[in-house]
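Worksheet: one structure, shown below.
Numbering (the working numbering), first residue to last: -17 to 233.
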């Protein structure tokens, strides 16, 4: 009991001072994944690797599926594609896989990579050295290729590329239809893919980015960035003059 010293009368006990209300804790802010500081684009066939991956894979896959007759069929198809415009040849190439289960195609691509990437000269050493240098400097790598998309995915993973830019395969349930979704990643198709990725990262100046290719059809991609390199058949690198590799959209 408490006593009122002024009146001498007894008082009821005062309630205890309530404890301070806890301040609601805010959930810890999630760290946003750090975006790329610079983008470096690489063609694949005869730029990063020393072969044409699509035709090589087609022969290998058809041989496994159909034996000697498969090799003959693959060679006939590839012969029929020779001389066609590259984009049209690319579309017809992919039609060879009509009716193939997508999972089977992906497994075959992984098997092809395991077997062939062990051979000497699979990767072009000068280009791989450039790729490793760019990654060490903090750049993010994007592979841009019209090759069979499951092959592109496997190679991109193997070299640590953050992005794999190419056409998508149309499916009907678990099966490939043999058609591409969108234009082939050839010529202007590559430029479109490169610019689309750059647009997703507006803080990156295209003038600070690099691109590597080996064929005149790679020029639209090379012209989209500030630093462009052409790969000669012997693997040597030649810098494209800045006026030709400007970011203003030259053809």
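For every residue, glycine included, the Cβ atom is placed at its ideal position computed from N, Cα and C.
Next item on the list: Determine which residues share a DSSP beta bridge with residue 186 and list them.
Entry: DSSP, once it has assigned bridges, lists no residue as partnering residue 186.
Checklist line | Buried/exposed call for residue 187, threshold 16 Cβ in 10 Å | finding: With fewer than 16 other Cβ atoms from the protein chains shown falling within 10 Å of its own Cβ, residue 187 counts as exposed.
Next item on the list: Tell me whether residue 123 sits in a helix, a strand or coil according to DSSP, three-state version.
Entry: The three-state reading of DSSP puts residue 123 in strand, counting E and B together.
Margin query: Output needed for residue 190: all residues of its chain with C-beta closer than 7 Å, excluding positions within five of it in sequence on either side, in chain order.
Written below: 20 and 208
Notebook entry, point to check: Do you know offhand how far residue 28's Cα is from residue 127's?
Noted result: 11 Å
Check: Assuming residue 132 contacts residue 87 under a Cβ cut-off of 8 Å, what Cβ separation, rounded to an integer in Å, is found between them?
Finding: 5 Å
Check: Which residues bound the beta strand (DSSP E) around residue 143?
Finding: No beta strand (DSSP E) contains residue 143, which DSSP labels as neither H nor E.
Next item on the list: Please name the residue, chosen from 104, 161, 51 and 55, that lies closest to residue 34 on a Cα-to-Cα basis.
Entry: The candidate whose alpha carbon is nearest that of residue 34 is 104.
Checklist line | Assigned exposure category for residue 185 - 16 Cβ within 10 Å defines buried | finding: By the beta-carbon neighbour count (other beta carbons within 10 angstroms, threshold 16), residue 185 is exposed.
Next item on the list: Taking all protein chains shown into account, decide if residue 66 is buried (16 or more other Cβ within 10 angstroms of its Cβ) or exposed.
Entry: Under the 10 Å beta carbon count, residue 66 is surrounded by fewer than 16 other beta carbons and is classified as exposed.
Checklist line | Residues of its chain near residue 158, where Cβ-Cβ distance is below 6 Å and the 5 sequence neighbours each way are ignored | finding: 79, 82, 84 and 151
Check: What residue from 135, 124 and 196 has the CA that sits closest to residue 178's CA?
Finding: 124
Next item on the list: State yes or no: is the C-beta of residue 158 nearer than 8 Å to some heavy atom of the ligand HEM?
Entry: Summarising the ligand content, the structure contains no ligands, and the ligand HEM is consequently not present.
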